[in-house]
Amino acid sequence: MIKLEPAVYVKSAGKSADFIRDDRPMVVFAGKSNVGKSSVINCLLNRKNLARVGSAPGKTTNVNYFLVGDGVWFVDLPGYGYAKVPQAERDRWGRLMEAFFAESERITCGVQILDGRHKPTALDVEMNGLFERCGCPRAVVANKWDKLKKSEMEPNLALIRETLSLGEDTPLVPFSAEKRTGRLELLGILSGWV
261 MIKLEPAVYV
271 KSAGKSADFI
281 RDDRPMVVFA
291 GKSNVGKSSV
301 INCLLNRKNL
311 ARVGSAPGKT
321 TNVNYFLVGD
331 GVWFVDLPGY
341 GYAKVPQAER
351 DRWGRLMEAF
361 FAESERITCG
371 VQILDGRHKP
381 TALDVEMNGL
391 FERCGCPRAV
401 VANKWDKLKK
411 SEMEPNLALI
421 RETLSLGEDT
431 PLVPFSAEKR
441 TGRLELLGIL
451 SGWV
């Protein structure tokens with residue numbers, strides 16, 4: 261299992277010159293602005309607010325680096341999608357993401373976080389493509405799982421798998437940051453990769 265203590269925020273990179281480039285394994289988290297990405301990271305690390313959680317979507321506007329345990333980077337990418345921010349800022353995020361994925365050899369593995377209640381959006385499909393092209397192993401997390409009825413669970417997982425064209429080798433983890441559902445499963449998967 262990944263050693264989770266200590267977990268510290270190290271830096272926030274607003275341009276590619278500020279990216280951290282070293283030999284430590286890098287776990288990259290991506291998701292839409294309102295999907296609960298920071299909550300998932302905090303849940304994994306047993307912390308309340310290491311990664312910033314905001315009431316308004318779009319709080320993560322840079323690439324944020326957290327050093328976990330004995331030397332694993334948890335990297336929180338800017339949220340994509342519905343944040344109420346000016347177009348120029350959204351364009352900046354887009355360029356930042358392109359620059360980040362252009363150095364895909366640095367990415368050990370990825371975690372794409374979706375809202376498990378809904379069909380993945382076109383932007384989710386696009387992000388999935390970025391991870392696919394970088395060739396690293398990745399897990400897809402269906403967050404907010406506690407908000408679904410039992411009858412919706414299997415159909416929603418099937419819809420996510422189909423929409424993203426996920427192979428059977430890509431783990432799809434039902435997750436609830438609130439109830440801590442899926443936490444140990446996801447940590448186990450990530451530990452196998454780093």
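The numbering of the sequence shown is the working numbering, which starts it at 261 and goes up by one.
Yeah, the Cβ is synthetic: ideal placement off N, Cα and C, and Gly gets one too.
- According to the DSSP secondary-structure assignment, residue 331 is paired through a beta bridge with no residue.
- Look at residue 448 here: in three-state DSSP terms it is helix.
- Cβ neighbours of residue 390 within its own chain (closer than 7 angstroms, five residues either side excluded): 361.
- Take the alpha-carbon of residue 347 and the one of residue 367: they are about 28 angstroms apart.
- Around the beta carbon of residue 351, fewer than 16 other beta carbons sit within 10 angstroms, so the residue counts as exposed.
- Beta-carbon to beta-carbon, residue 383 and residue 400 are separated by about 14 angstroms, too far to satisfy the 8 angstroms threshold.
- Around residue 288, the same chain offers 335, 367 and 370 as residues with beta carbons nearer than 6 angstroms, after the five sequence neighbours per side are excluded.
- With respect to residue 449, residue 403 sits apart: the two C-beta atoms are not nearer than 8 angstroms.
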